[in-house]
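Undergrad:
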Amino acid sequence: MGEPSGIGPEVAVKAWAALEGHIAGRPLHLVGCPAVFHAEASRCQLNTKKLDAAIIDIGGNITAVPGQPSTNNANAVTSAISECVRLIKTKEAGALVTAPIHKATLTAAGFEFPGHTEYLAALTGMERAVMMLCAHELSSPLRVVPLSVHEPLTKALRNLSTSNICASAEIILAALTLDFGVIAPRLAIAGVNPHAGENSTMGREDQEIIVPAVNALRASGHAVSGPFPADTLFHDDARHSYDAVLCMYHDQALIPIKTLAFWTSVNITLGLPIVRTSPDHGTALDIAGRGSANSKSMIAAIHAAADIADRREP
-4 MGEPSGIGPE
6 VAVKAWAALE
16 GHIAGRPLHL
26 VGCPAVFHAE
36 ASRCQLNTKK
46 LDAAIIDIGG
56 NITAVPGQPS
66 TNNANAVTSA
76 ISECVRLIKT
86 KEAGALVTAP
96 IHKATLTAAG
106 FEFPGHTEYL
116 AALTGMERAV
126 MMLCAHELSS
136 PLRVVPLSVH
146 EPLTKALRNL
156 STSNICASAE
166 IILAALTLDF
176 GVIAPRLAIA
186 GVNPHAGENS
196 TMGREDQEII
206 VPAVNALRAS
216 GHAVSGPFPA
226 DTLFHDDARH
236 SYDAVLCMYH
246 DQALIPIKTL
256 AFWTSVNITL
266 GLPIVRTSPD
276 HGTALDIAGR
286 GSANSKSMIA
296 AIHAAADIAD
306 RREP
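Residue numbers in the sequence shown follow the numbering used here, run continuously in steps of one, and reach 309 at the last position.
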């Protein structure tokens, strides 16, 4: 469901309708408050005859005003996520596709996690989860991972370390094979400073932190290269040279992929025992309730979840 006052429920019901309630032979379910889904379906003039059978009701009625998130609905938002995780753990579901949440509202309600990625790691008992953004419809597919996720840039730079880079890289490389079928994955690592530090004349972090990580990963037998200047890493020819890029902070990864594939890129959480994807956009409170939200990224996220779930099946 995501934030009920945002576009999450709208893109969810639109995607459900566009896919006629199924993906790759699997039924699609909507998890959250039935009234919210029905309101959006009616607003979008969708056929709701089969909608009830697809909804998993988390209980409790909520009042959602488009564009005006309320802390009163925070428990419903997080309960929908935790219920999905429970269903996957009990093998009643194969994958989770989340709609966008409004982080500021959840924080104000006492939610102790900065976002989906960290919450899902806690729910599944994992110490580290990795956020990957994928755009597979480009002429040269692009997969990017930010080393830091939902934290200020100053904190991200303070936490930059060789061990963090290595730990995230190992998760990415394993996922490229397990979830994407890449037999011999190639990982590029972006530098953190302009020109990747240019031999430490523009900052020492690239030579002192990133280069040792690259060397350690290579010594473990991985095809890892870098650090590369981020401003030359994302054009079409460069994208042919790697299967994924590990970037050093949030916007270094998200700006290029959202520029190249704003409507169709997908967020995938790596390092979890469950499959989780989401559309690569936010709650869009400014257009909520208008019925005009684009559901392409949600549909792409559903396809990605189905593909990964199929690959993981024994």
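Beta carbons are placed, not taken as given, at the ideal position from N, Cα and C, and that holds for glycine.
#1: If you check the beta carbons only, do L115 and A124 fall under 8 Å apart?
#2: Can you look up G311 in the DSSP assignment and give me helix, strand or coil?
#3: What is the DSSP secondary structure of P61, reduced to helix, strand or coil?
#4: Can you tell me whether N188 is buried or exposed, with buried defined as 16 or more other CB within 10 angstroms of its CB?
#5: With a cut-off of 8 Å on the beta carbons, I'd call G89 and R21 a contact; round off their distance for me.
#6: Let's see if you can read the secondary structure: which residues bound the alpha helix (DSSP H) around N210?
#7: Could you say which of L155, L265, D305 lies nearest to E122 if we only look at CA atoms?
#8: Suppose the cutoff is 8 Å on Cβ atoms and the five residues either side in sequence are ignored; what does the same chain contact list for A365 look like?
#9: Starting from M127, follow the beta strand (DSSP E) in both directions and report where the run begins and ends.
#10: When the Cα atoms are used, what is the spatial distance from T43 to H33?
#11: Taking the alpha-carbon of E87 as reference, which of R306, I269, S290 has the nearest alpha-carbon?
#12: Among V140, A185, K98, T196, whose alpha-carbon lies nearest the alpha-carbon of T227?
#13: Does the beta-carbon distance from L46 to V72 come in below 8 Å?
#14: Under the assumption that S135 contacts H235 (Cβ atoms under 8 Å), give the Cβ distance between them as a whole number of angstroms.
#15: What's the call for R306, buried or exposed, on a 16-neighbour Cβ count within 10 Å?
#16: Can the beta-carbon of L137 be found less than 8 Å from the beta-carbon of I50?
#17: For N68, count neighbouring C-beta atoms within 10 Å of its own C-beta (all shown protein chains included) and say buried if the count is 16 or more, exposed if not.
#18: The alpha helix (DSSP H) that contains N194, what's its start and end?
#19: Taking the straight line between their C-alpha atoms, what separation do you get for T278 and M293?
#20: Given a threshold of 16 other Cβ atoms within 10 Å of its Cβ, counted over all protein chains shown, does V260 qualify as buried or as exposed?
#21: Give me the Cα-Cα distance between V206 and A13, rounded to the nearest whole angstrom.
#22: Relative to the C-alpha of H217, which residue among P61, G3, L171 is closest?
#23: Between Q247 and A211, is the Cβ-Cβ spacing less than 8 Å?
#24: Could you tell me which residues DSSP puts in a beta bridge with T264?
#25: Tell me whether V219 sits in a helix, a strand or coil according to DSSP, three-state version.
#26: For the beta strand (DSSP E) containing T259, list its first residue and its last residue.
#27: Give the secondary structure of H19 by DSSP, where H, G and I count as helix, E and B as strand, and everything else as coil.
#28: I need the DSSP call for R306, collapsed to helix, strand or coil.
#29: Could you tell me how far apart the beta carbons of A103 and T66 are, in whole angstroms, since I believe they sit closer than 8 Å?
TA: In terms of the structure at hand:
#1: On the sequence shown, position 120 is the one that residue 115 refers to. On the sequence shown, position 129 is the one that residue 124 refers to. Yes, the pair counts as a contact, with Cβ atoms nearer than the cut-off.
#2: In the structure displayed, the chain extends from -4 to 309; residue 311 sits before or after that span and is not available.
#3: Residue 61 sits at position 66 when you count from the first residue of the sequence shown. Coil, per DSSP.
#4: In the sequence shown, counting from the first residue as 1, residue 188 sits at position 193. N188 should be labelled buried.
#5: Position 94 of the sequence shown holds residue 89. Position 26 of the sequence shown holds residue 21. Right, the Cβ-Cβ distance comes to about 6 Å (below 8 Å), so this counts as a contact.
#6: On the sequence shown, residue 210 is found 215 positions in, with the first residue counted as 1. Its alpha helix (DSSP H) spans residues 206 to 214.
#7: Here residue 122 refers to the residue found at position 127 of the sequence shown. Comparing Cα positions, the closest option is L265.
#8: Residue numbering for the chain in the displayed model covers -4 to 309; residue 365 lies beyond these limits and cannot be assessed.
#9: As a first step, residue 127 must be located in the sequence shown, where it is residue number 132. M127 -> beta strand (DSSP E) spans 125 to 130.
#10: The residue labelled residue 43 in the question sits at position 48 within the sequence shown. The residue labelled residue 33 in the question sits at position 38 within the sequence shown. Cα to Cα, the separation comes out at about 7 Å.
#11: Within the sequence shown, the letter at position 92 stands for residue 87. Nearest option by C-alpha distance: I269.
#12: Along the sequence shown, one-based indexing puts residue 227 at 232. For the residues V140, A185, K98, T196, the minimum Cα distance to T227 belongs to A185.
#13: Here residue 46 refers to the residue found at position 51 when the sequence shown is read from its first residue. Here residue 72 refers to the residue found at position 77 when the sequence shown is read from its first residue. V72 sits away from L46, with the two beta carbons spaced by 8 Å or more.
#14: For the purposes of this step, residue 135 is taken as residue 140 along the sequence shown, with counting starting at 1. For the purposes of this step, residue 235 is taken as residue 240 along the sequence shown, with counting starting at 1. Correct: roughly 5 Å between the Cβ atoms.
#15: By one-based count along the sequence shown, residue 306 stands at place 311. When all chains shown are included, R306 counts as exposed.
#16: Counting from 1 along the sequence shown, the entry for residue 137 is found at position 142. Counting from 1 along the sequence shown, the entry for residue 50 is found at position 55. No, they are not a contact pair.
#17: Your numbering for residue 68 matches position 73 in the sequence shown. It counts as buried.
#18: For this step, residue 194 is matched to residue 199 along the sequence shown. For N194, there is no enclosing alpha helix (DSSP H), as DSSP gives it neither H nor E.
#19: Locating residue 278 in the sequence shown gives position 283, where the first residue counts as 1. Locating residue 293 in the sequence shown gives position 298, where the first residue counts as 1. Roughly 12 Å between the two C-alpha positions.
#20: The count along the sequence shown starts at 1 and reaches residue 260 at position 265. Per the sequence shown, the amino acid found at residue 260 is Ser instead of Val. S260 is buried by the Cβ-count criterion.
#21: Within the sequence shown, residue 206 is the residue found at index 211, counting from 1. Within the sequence shown, residue 13 is the residue found at index 18, counting from 1. About 47 Å.
#22: Here residue 217 corresponds to residue number 222 of the sequence shown, with the count starting at 1. It is L171.
#23: Stepping through the sequence shown from its first residue, residue 247 is reached at position 252. Stepping through the sequence shown from its first residue, residue 211 is reached at position 216. Result no, Cβ atoms of Q247 and A211 do not sit closer than 8 Å.
#24: On the sequence shown, position 269 is the one that residue 264 refers to. M126, per the DSSP bridge assignment.
#25: Taking the first residue of the sequence shown as 1, we reach residue 219 at position 224. Strand at V219.
#26: Mapped onto the sequence shown, residue 259 falls at position 264. From DSSP, T259 is part of no beta strand (DSSP E); its letter is neither H nor E.
#27: What you label residue 19 is simply residue 24 of the sequence shown in a count that begins at 1. A small fix is needed here, since residue 19 is Ala in this sequence, not His. Coil.
#28: Counting from 1 along the sequence shown, the entry for residue 306 is found at position 311. Correct three-state label for R306: helix.
#29: The sequence position of residue 103 within the sequence shown is 108, counting from 1. The sequence position of residue 66 within the sequence shown is 71, counting from 1. Their Cβ separation, rounded to whole angstroms, is 5 Å, which keeps A103 and T66 in contact under 8 Å.
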